[in-house]
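All remarks here apply to the structure that follows.
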Amino acid sequence: MIEVLQPGLLATVQDLGRVGYVDIGVGRSGAADLAAHRLANRLVGNQETAATLEITLGGLSLRLRHAATIACTGAWCHLTGAGAMDWHRALSLPAGTTVRLGWPIVGLRSYLAIRGGVAATPVLGSRSTDTLSGLGPPVLTSGMVLDVGHLIAGDPVDDPSVGLPDPARALSRGLIVLPGPRLDWFTDQAWDQLVGANWAVQATSNRIGYRLSGPPLERSRSGELPSEPTLPGAIQVPPDGQPIVLGPDAPVTGGYPVIGIVPRSGPDGLDALAQARPGRTLRFRGR
């Protein structure tokens, strides 16, 4: 069992998300940085479906009530428990250890996996917290106690040095963007601006959507669309021309035209965007 001492700014339970419920109005949710989530589970020998803790801007403190093996990935924080501890490593810790994550040096979201996974009660097949709908486990609070499950796939990994994600590099070279279903609602210049301009992540960004500021993207049509299906990675453009890239907790429908799509997976997709702090500048590039 794990006792939450301090949750930090925002800490939630996340797994790979809910699949197959869009037709009844339930979004996917799941870890914002799927690569970091999968890596954390691999390090401790979990199945990739095991739930991890997603920590925004560090500050999480936990007490292990039983001996456990943990690993942390994603946005690098100063990690302490049995003294200073390594990032991207499986760490076997005794009962009573207090694990603390400091403020991240780079990036936004960190992931903590515990061998066996966080055993929250599944809702529609997932243990993910959806911050928009409220489905899944509650947001972590001080005093909360979490059970540990049994979703183990094998032994902890000794050498995690190969293939570590580098979201800062991906943000610098540009996120992949594909043409969206409503590209014809925009001028040719708007697409050129989308892939050519610098975009700043706004402070109002969250797991529902990443709000960007830059040159307004001009429409070629007036009026608004009826609501139509959306998905994480869709780049919606409200009337002010400032794009919103939908995140894992996005609604399943929306009325703003979608100019482009950022792929959910891959080093140059939503995994990298999940690590962009407010104020961070990024670019897009066509595939």
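Here our numbering is used: the first residue of the sequence shown is 660, the next is one more, and so on.
Note that CB positions come from ideal geometry on N, CA and C, so glycine has one too.
Query                                                                                                                                                                     : Result
From S720 to R946, what distance separates their C-alpha atoms?                                                                                                           : 41 Å
Bridge partners of Q895, per DSSP?                                                                                                                                        : I903, V917
Taking the continuous alpha helix (DSSP H) assigned at R654, which residues delimit it?                                                                                   : The structure shown has nothing for residue 654, since the chain only spans 660 to 946.
Any contact between the stretch 829-846 and the stretch 756-776? By contact I mean 3 or more CB pairs, one from each, below 8 Å.                                          : no
Could you give the distance in angstroms between the alpha-carbon of W762 and the alpha-carbon of C736?                                                                   : 6 Å
Please return the same chain residues whose Cβ sits closer than 7 Å to the Cβ of A741, not counting the five positions on each side in sequence.                          : L752, T756
Drop a sphere of 10 angstroms on the beta-carbon of H725, count the other beta-carbons inside from all chains shown, and report buried for 16 or more, exposed for fewer. : exposed
Please report the straight-line C-alpha distance between V821 and L698, rounded to a whole angstrom.                                                                      : The predicted model places V821 with a pLDDT of 49, which falls under 50 and marks its position as unreliable, so this point remains unresolved.
Of the choices G938, G906, P910, R944, whose alpha-carbon is the least far from that of L693?                                                                             : G906
Exposed or buried, which one is S924 when buried takes at least 16 other CB atoms within 10 Å?                                                                            : exposed
Considering V854, what are the terminal residues of the alpha helix (DSSP H) in which it resides?                                                                         : 847-855
Distance check for G913 and L738, CA to CA, integer angstroms please.                                                                                                     : 40 Å
To the nearest angstrom, how far is the alpha carbon of Q673 from that of Q861?                                                                                           : 24 Å
Compute the distance between the beta-carbons of I729 and A772, then report whether it is under 8 Å.                                                                      : yes
Excluding sequence positions up to five away, which residues of its chain have a Cβ less than 7 Å from the Cβ of Q665?                                                    : G718, L719, S720, S801
Alpha carbon to alpha carbon, what distance is there between L668 and P916?                                                                                               : 32 Å
Flag this pair as touching only if the stretch 859-873 and the stretch 936-945 have three or more C-beta atom pairs under 8 Å; answer yes or no.                          : yes
Would you say L834 and D927 are within 8 Å of each other, going by their C-beta atoms?                                                                                    : yes
Within 10 angstroms of its Cβ, does I920 collect 16 or more other Cβ (buried), or is it exposed?                                                                          : buried
Go through its chain and collect everything with a Cβ distance to A931's Cβ below 7 Å, but skip five positions before and after it.                                       : P826, A829, L830, L834
Mind checking whether D899 and P875 have CB atoms under 8 Å apart?                                                                                                        : yes
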